[in-house]
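Data block below; observations after.
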């Protein structure tokens, strides 16, 4: 298969990266809302408390992952 001209390739790649960036920003907003809501929920005790803490920890990890993905996509776009 013939290689596409560099300009078209970069343009298509930029569009894909910009779409991925928009998707990650939406996912980050959703994760942040879920984390905020989770932090305001009653904590309970015993197993319920541990389950709540595990959920908060998972949501914090998700928020961090989304933030890192956004930074990586922004770096990649800045190189184009």
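Residue numbers (this note's numbering): 1 to 80. Glycine residues also receive a C-beta, built at the ideal position from the N, C-alpha and C atoms. Source: prediction; values computed, not measured.
Under the three-state reduction of DSSP, residue 13 is assigned to helix.
Residue 64 counts as exposed, since fewer than 16 other beta carbons sit within 10 angstroms of its beta carbon.
When DSSP states are grouped into helix, strand and coil, residue 62 belongs to the helix group.
In the three-state reduction of the DSSP assignment, residue 79 falls in the coil class, being assigned neither a helical nor a strand state.
With the rule of 3 Cβ pairs closer than 8 angstroms, the stretch 44 to 54 does not count as touching the stretch 10 to 30.
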